[in-house]
Every structure is written in structure tokens, then in C-alpha cells.
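Residue numbers (our numbering): 2 to 160.
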């Protein structure tokens with residue numbers, strides 16, 4: 002990086018939407034910047050330096066193809082592993098999650114110096130609706146597009 006500058010979480014909020022996702026995106030970009038795929042390294046370095054916005058990187062056809070190609074390789078490897086390998090991977094993932102939580106807590110404590118107690122309140126993840134429509138644009142209310150499901154009863158009850 003020419004001037005040693007690296008984007009921070011705040012600069013990724015436009016695409017990440019919240020601090021937790023921005024932190025995760027920054028961590029992923031750092032990982033990609035040292036990974037084996039040259040196209041993803043190029044993309045990650047560009048975003049981290051600020052030469053490229055995250056929006057530009059994630060809509061560029063070459064970078065998108067590299068991201069999907071990597072995800073496809075991971076999917077195929079997961080399908081080919083044995084039950085024992087899957088259990089071992091699950092255990093390692095659990096250990097990784099614990100280490101990441103501990104790292105996030107250390108980061109939060111370091112950022113919290115000089116802040117008020119209300120700023121240090123634990124953050125909660127936004128509530129995600131359950132069911133098959135949890136990813137719809139309606140927030141999952143009443144199914145896809147808001148169709149079906151329950152309606153509030155009026156003064157005359159259900160029809």
C-alpha cells in the first residue's frame with residue numbers, strides 16, 4: 002500500500018450497513034489480500050487502500066467471478082468430505098468462533114476507552130424473522146411480497 006493507509010470500518014458502512022458487518026468485511030478483505038487467488042488479492046488491496054470502493058469491487062464482473070469461483074470450490078470440497086472430517090471441521094469452527102468473539106471483545110474494550118457507560122452497552126444483532134420467507138424484502142411478514150399469512154382482524158373478525 003503506497004501511503005500505508007487502510008480504510009477503516011466506517012468507510013465500509015455504506016455496503017456493510019452496520020458496524021458488525023463492516024468489521025467482518027474488513028477482516029475478510031484482509032484475509033483475501035493475503036490469499037492464494039491473485040484476482041481476489043488485487044481486489045482486496047484496492048478496497049483496503051481506498052483505490053476502489055467496496056461497491057465497485059463487488060459489482061466488477063472479474064472480481065465477482067473470482068469470488069463465486071472460490072465459493073464453488075469450497076462447496077465442492079465440503080460435499081466430498083467424510084463424516085469424521087465434517088465433525089472435525091465443526092469443532093475447529095466452534096473454536097474459531099470462540100477466538101473471534103474474544104478478539105471482538107478485546108477490540109470493543111480498546112475502542113471503549115473514554116466513552117460513556119451507555120456506549121459500552123452490549124450490542125444485539127437485529128432480529129431476523131423465522132420461516133421460509135426470512136430473506137424476503139418484506140421482513141418475512143406474510144410470506145413473499147407480503148402475500149398470504151395472517152392479517153390483523155378487523156371489528157368483524159376473520160372472513
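Backbone N, C-alpha and C define an ideal beta-carbon position, used for all residues, glycine too.
Residue i burial status per 10 Å Cβ neighbour count (16 or more: buried)
{"i": "residue 95", "result": "exposed"}
{"i": "residue 91", "result": "exposed"}
{"i": "residue 138", "result": "Residue placement at residue 138 is poorly supported in this model, since its pLDDT is 43, which falls under 50; the coordinates still yield a value, given next. Exposed, by the Cβ-count rule."}
{"i": "residue 15", "result": "exposed"}
{"i": "residue 70", "result": "exposed"}
{"i": "residue 23", "result": "buried"}
{"i": "residue 67", "result": "buried"}
{"i": "residue 119", "result": "Low confidence applies to residue 119: its pLDDT is 42, below 50, so where it sits in the model is not reliable, and the reading given next is rough at best. Exposed, by the Cβ-count rule."}
Close-in-space but distant-in-sequence residues of the same chain around residue i (CB under 7 Å, 5 per side omitted)
{"i": "residue 122", "result": "Only weak support is given to the placement of residue 122: the predicted model assigns it a pLDDT of 44, under 50, and the question is left unresolved by the model."}
{"i": "residue 84", "result": "none"}
{"i": "residue 1", "result": "The question about residue 1 has no answer here: the residues shown for the chain are numbered 2 through 160."}
Own chain, CB closer than 6 Å to residue i, minus 5 neighbours either side, in chain order
{"i": "residue 26", "result": "13, 17"}
{"i": "residue 44", "result": "58, 64"}
{"i": "residue 74", "result": "none"}
{"i": "residue 7", "result": "49"}
{"i": "residue 125", "result": "Note on residue 125: pLDDT 44, under 50, position unreliable in the model; no value is reported."}
{"i": "residue 78", "result": "none"}
{"i": "residue 56", "result": "16"}
{"i": "residue 102", "result": "none"}
For residue i, the nearest candidate out of the options (CA to CA)
{"i": "residue 54", "options": "11, 107, 98", "result": "11"}
Please confirm if the segment 29–39 is in contact with the segment 48–66, defined as three or more CB-CB distances below 8 Å between the two stretches.
-> In the pairwise beta carbon analysis, the segment 29–39 is classified as touching the segment 48–66: at least three pairs are separated by under 8 Å.
Would you check if there are 3 or more beta carbon pairs closer than 8 Å linking the segment 55–73 to the segment 34–44?
-> yes
Please go through the segment 46–86 and give each complete alpha helix (DSSP H) segment of 4 or more residues, from N-terminal end onward.
-> For the segment 46–86, whole alpha helix (DSSP H) runs of length 4 or above, ordered along the chain, are 55–60, 62–81.
What are the uninterrupted segments assigned as alpha helix (DSSP H) that are 4 or more residues long and contained completely in the segment 90–116, given in chain order?
-> none
Which ranges would you report for the alpha helix (DSSP H) in the segment 19–47 if only whole runs of at least 4 residues count?
-> Listed in chain order, the complete alpha helix (DSSP H) runs (minimum 4 residues) inside the segment 19–47 are 20–33.
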